[in-house]
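These notes are about the structure you will find just below.
In this note's numbering, the protein residues as written are 222 to 503.
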């Protein structure tokens, strides 16, 4: 199942994404958003799927809607250096355990949102990532049970200001500017997406491929990350975990060849089986 949120004059509405287009939840007998759905549990998801199979009405075109955030804006947890080649390109070592940092809730922004790159910093970079959407409260769980706490997966871009990120050994100042966590537009439920399979993940800038890898290339699996993180942070429904980026970031290029993101650039992150997240830089 693939779902999303859209912005309307009446507020945010959840929709089921089908080959024919988007079906608002309310037309399927369910009221609310993606957050409402994941909090309602597996039975609600089953009923929604059954209603969609019998639906014969009109659908909305994805090209004609304004997407809203995929989640309510709880915790935005990030994992650093989770692809070996990325660790190597940035002169880091592959970690022996997950490296965590965070973003703030106001960093979250949906598909199509313009991201401002303030002119008082300069080294702006992209990081295309698979993002875990938490479906149940998780606190000190076992890895074997981690799938039970995952609602699904979406697409994210961990935008970074590198000249701020490395002012100290804490990365937060380079990661948490407004709209620096574009995410969406779709969430694919866990039963329809296995991140350990070879799902291609590609980042493009102005149509040029910059990152090209597979979700199976992670050092730490999504199950491991959720279980490990739950020992330190009480994960709640709607929390998002950015699982790390692959090789090909601007920071990993030789110093004389680096061209940082600038206003006018368009960044796309595409994950096979989920969709494409597109955001212009201004």
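For every residue, glycine included, the Cβ atom is placed at its ideal position computed from N, Cα and C. In this text, all values refer to a predicted model and were calculated from it rather than measured experimentally.
Rounded to whole angstroms, what is the Cα-Cα separation between residue i and residue j?
| i | j | result |
| --- | --- | --- |
| residue 329 | residue 499 | 14 Å |
| residue 274 | residue 388 | 53 Å |
| residue 318 | residue 473 | 22 Å |
| residue 281 | residue 491 | 22 Å |
| residue 434 | residue 370 | 26 Å |
| residue 229 | residue 390 | 42 Å |
| residue 261 | residue 493 | 27 Å |
| residue 402 | residue 427 | 19 Å |
| residue 276 | residue 404 | 28 Å |
| residue 256 | residue 466 | 25 Å |
| residue 416 | residue 441 | 11 Å |
| residue 223 | residue 385 | 36 Å |
| residue 333 | residue 233 | 16 Å |
| residue 469 | residue 263 | 38 Å |
Can you check DSSP and say which residues form a bridge with residue i?
| i | result |
| --- | --- |
| residue 226 | 235 |
| residue 492 | 422, 496 |
| residue 402 | 329 |
| residue 324 | 297 |
| residue 288 | 227 |
| residue 474 | Answer by DSSP bridge pairing: none, since residue 474 is not bridged. |
| residue 435 | 421 |
| residue 456 | 359 |
| residue 463 | 299, 352 |
| residue 501 | 487 |
| residue 243 | 238, 281 |
| residue 336 | 502 |
| residue 346 | 381 |
| residue 276 | Answer is none; residue 276 lacks a bridge partner. |
| residue 373 | 354, 410 |
Could you check which residue in the options has the C-alpha nearest to that of residue i?
| i | options | result |
| --- | --- | --- |
| residue 239 | 366, 263, 269, 437 | 269 |
| residue 291 | 300, 448, 236, 345 | 236 |
| residue 495 | 421, 304, 347, 241 | 421 |
| residue 432 | 356, 347, 416 | 347 |
| residue 444 | 394, 365, 245 | 365 |
| residue 331 | 322, 360, 309, 294 | 294 |
| residue 297 | 355, 310, 258 | 355 |
| residue 436 | 352, 234, 245, 233 | 352 |
| residue 484 | 502, 250, 310 | 502 |
Using 10 angstroms around the beta-carbon of residue i, count the other beta-carbons present and answer buried if the total reaches 16, otherwise exposed.
| i | result |
| --- | --- |
| residue 289 | buried |
| residue 231 | exposed |
| residue 407 | buried |
| residue 363 | exposed |
| residue 252 | exposed |
| residue 266 | buried |
| residue 414 | buried |
| residue 478 | exposed |
| residue 392 | buried |
| residue 303 | buried |
| residue 341 | exposed |
| residue 410 | buried |
| residue 361 | exposed |
| residue 300 | buried |
| residue 480 | exposed |
Handout entry: At least 3 beta-carbon pairs within less than 8 Å: the segment 461-478 vs the segment 361-379
Key = Counting Cβ pairs under 8 Å, three or more are found: they touch.
Handout entry: Sufficient close CB pairs (3 or more, under 8 Å) joining the segment 391-404 to the segment 332-341
Key = Short answer: they touch.
Exercise for the section: State whether the segment 421-430 contacts the segment 444-455, with contact taken as three or more CB pairs (one from each stretch) at a distance under 8 Å. Expected result: Touching, no.
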